[in-house]
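Residue numbers (the numbering used here): 491 to 640.
Where a beta carbon is used, it is the ideal one built from N, C-alpha and C, also for glycine.
These numbers come from a predicted model, not from an experiment.
Taking it in order: structure first as structure tokens, then the write-up.
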């Protein structure tokens with residue numbers, strides 16, 4: 491489903507003027523929640539601390555780049571813990587290889603959580619939307635795949 495959604499929006503992605511967009515969620519359709527669904531599934535598979543006690547709500551997509559046969563999506567993940575209503579935010583980056591025909595995608599990398607800067611509550615993030623804007627990070631979670639996404 492994610493591949494289908496990215497394919498449907500690839501032309502829009504390539505024509506976006508980044509100066510005119512703060513969040514790309516509306517432009518990219520269902521990409522936001524499909525990305526978090528994939529990330530949550532991968533975290534629950536490979537990271538015991540993400541088990542059944544944490545959940546991911548959504549993402550805010552802040553940057554989209556198509557360059558050198560790669561599509562990179564960056565933003566902020568909004569997540570929570572079971573039995574409480576408070577939510578937290580952490581940065582993410584999702585990079586996927588575009589195959590030559592631009593209809594298929596192959597390898598992808600998910601980067602999530604900044605080791606040097608702990609999560610902040612959604613309320614704090616709402617008051618400081620630039621908190622996660624930086625270029626250099628030490629990522630806590632690095633998930634790679636060379637499987638074809640379906």
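Shortest alpha-carbon distance to residue 584 belongs to which of 629, 516, 540?
Taking the chain shown and counting its residues from 1, one reaches residue 584 at position 94. Measuring from the Cα of residue 584, the nearest candidate turns out to be 629.
Three-way DSSP call (helix, strand, coil) for residue 558 in this model:
Mapped onto the chain shown, residue 558 falls at position 68. Residue 558 falls in the coil class under three-state DSSP.
In chain order, what residues of the same chain have a beta carbon less than 8 Å from the beta carbon of residue 511, not counting five sequence neighbours either side?
In the chain shown, counting from the first residue as 1, residue 511 sits at position 21. Closer than 8 Å at Cβ, skipping near neighbours: 517.
So for residue 623, helix, strand or coil by DSSP?
Counted from its first residue, the chain shown places residue 623 at position 133. Coil at residue 623, not helix or strand.
My understanding is that residue 586 touches residue 602, with C-beta atoms under 8 Å, so please give their C-beta distance in whole angstroms.
Indexing the chain shown from 1 puts residue 586 at position 96. Indexing the chain shown from 1 puts residue 602 at position 112. Residue 602 and residue 586 do not touch by the CB rule: their CB atoms are close to 15 Å apart, not below 8 Å.
At which residues does the beta strand (DSSP E) containing residue 630 begin and terminate?
On the chain shown, residue 630 is found 140 positions in, with the first residue counted as 1. Start and end: 629-635.
From the DSSP output, which residues share a beta bridge with residue 581?
Looking up residue 581 in the chain shown gives position 91. Partner(s): 566.
With a threshold of 16 other CB atoms inside 10 Å of the CB of residue 564, please say whether the residue is buried or exposed.
Position 74 of the chain shown, counted from the start, is the residue given in the question as residue 564. Residue 564 should be labelled buried.
Give me the Cα-Cα distance between residue 581 and residue 524, rounded to the nearest whole angstrom.
Start at 1 with the first residue of the chain shown, and residue 581 comes out as number 91. Start at 1 with the first residue of the chain shown, and residue 524 comes out as number 34. One C-alpha to the other measures close to 16 Å.
Helix, strand or coil at residue 605 [DSSP, three-state]
As a position in the chain shown, residue 605 is number 115, starting the count at 1. Per DSSP, reduced to three states, the secondary structure at residue 605 is coil, with no helix or strand assignment.
Between residue 533 and the rest of its own chain, which residues show a CB-CB distance below 6 Å, the 5 nearest in sequence each way excluded?
Counting from one through the chain shown, the residue named residue 533 turns up at place 43. Cβ neighbours of residue 533 beyond the five flanking positions: 540.
Could you say which of 513, 507, 550 lies nearest to residue 578 if we only look at CA atoms?
Working through the chain shown from its first residue, we reach residue 578 at position 88. Out of 513, 507, 550, 550 has the C-alpha closest to the C-alpha of residue 578.
In three-state DSSP terms, what is residue 498?
Here residue 498 is taken as the residue at index 8 of the chain shown, counted from 1. Note: residue 498 maps to helix in three-state DSSP.
Return the CA-CA distance between residue 618 and residue 515, expressed in angstroms with no decimal places.
Sequence index remark: in the chain shown, residue 618 carries index 128 (1-based). Sequence index remark: in the chain shown, residue 515 carries index 25 (1-based). If I take the Cα positions, the gap works out to 19 Å.
Hey, quick one: how far does the alpha helix (DSSP H) through residue 518 stretch, first residue to last?
What you label residue 518 is simply residue 28 of the chain shown in a count that begins at 1. Where residue 518 is concerned, there is no enclosing alpha helix (DSSP H), given that its DSSP letter is neither H nor E.
Please report the straight-line C-alpha distance between residue 505 and residue 494, rounded to a whole angstrom.
Your numbering for residue 505 matches position 15 in the chain shown. Your numbering for residue 494 matches position 4 in the chain shown. Distance between the alpha carbons of residue 505 and residue 494: 18 Å.
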